[in-house]
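Numbering (the numbering used here), first residue to last: 310 to 474. Note that the Cβ used here is the ideal one computed from N, Cα and C, for glycine as well. Since this is a predicted model, take the numbers as computed values, not measurements.
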Amino acid sequence: MRICSLASGSRGNSIFIESNDSRILIDAGLSALKIKTSLSSIGIEPNSIDAIVITHAHRDHVNGAGIFSHQFKTPIWAHPDTLDRLSYLFNRNQNINPWLGNFRIKDLILEPFAVSHDATPTVGYQIKSNNKTIVVCTDLGMVSSEVENNLSEANLLVIESNHDP
310 MRICSLASGS RGNSIFIESN DSRILIDAGL SALKIKTSLS SIGIEPNSID
360 AIVITHAHRD HVNGAGIFSH QFKTPIWAHP DTLDRLSYLF NRNQNINPWL
410 GNFRIKDLIL EPFAVSHDAT PTVGYQIKSN NKTIVVCTDL GMVSSEVENN
460 LSEANLLVIE SNHDP
């Protein structure tokens with residue numbers, strides 16, 4: 310698997326992850342144009358992204374999700390409560406996918422877990438493919454036992470912790 314942080318911080322968050330068969334973004338907090346430019350800088354065509362997977366509903370994680378999804382017909386995956394909060398970002402005919410537990414995007418298995426943050430729900434993801442596990446946690450301020458258990462499974466950790474009330 311390959312991973313690249315396109316942006317991290319209060320001005321926008323987005324992480325590119327690629328496996329043998331899949332290309333996804335964890336969050337799309339940059340403008341659609343900046344996401345496209347960032348992907349191009351690493352040799353990735355924006356229309357090759359299989360999904361945008363959202364961690365939570367804060368603007369710095371979702372700012373470009375609706376427009377990018379609309380422009381490139383990219384499905385969006387998130388917790389149903391997060392999708393409800395973000396309905397203003399989406400057009401009627403976009404491919405929106407609520408999850409209620411583990412889900413699959415091609416050869417990636419995504420296992421969400423709760424992360425303490427001031428947006429409810431906020432999740433991290435265990436992302437598995439070919440016996441490898443990437444764990445992504447954003448806005449991590451406190452490490453609960455659930456977070457610790459999920460982190461212990463990782464071959465690669467991505468932790469972003471610029472927010473802690």
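Option nearest residue i by Cα separation, candidates the options
| i | options | result |
| --- | --- | --- |
| residue 403 | 417, 385, 389, 409 | 385 |
| residue 467 | 413, 434, 350 | 434 |
| residue 451 | 431, 465, 440 | 431 |
| residue 335 | 361, 341, 343, 310 | 361 |
| residue 340 | 358, 350, 372, 329 | 372 |
| residue 355 | 446, 376, 368, 310 | 376 |
| residue 465 | 446, 374, 455, 454 | 446 |
For residue i, the three-state DSSP class (helix, strand or coil)
| i | result |
| --- | --- |
| residue 465 | strand |
| residue 442 | strand |
Rounded distance between the beta-carbons of residue j and residue i, thought under 8 Å
| i | j | result |
| --- | --- | --- |
| residue 414 | residue 437 | Not quite, the Cβ-Cβ distance comes to about 11 Å (not below 8 Å), so this is no contact. |
| residue 322 | residue 370 | 5 Å |
| residue 463 | residue 442 | 5 Å |
| residue 469 | residue 319 | At roughly 11 Å, the Cβ-Cβ gap does not stay under 8 Å, so residue 469 and residue 319 are not in contact. |
| residue 411 | residue 329 | Contact flag wrong, Cβ pair sits at about 19 Å. |
One or two residues paired with residue i in a DSSP bridge
| i | result |
| --- | --- |
| residue 386 | 362, 406 |
| residue 432 | 423 |
Residue burial classification, residue i (beta-carbon count within 10 angstroms, cutoff 16)
| i | result |
| --- | --- |
| residue 342 | exposed |
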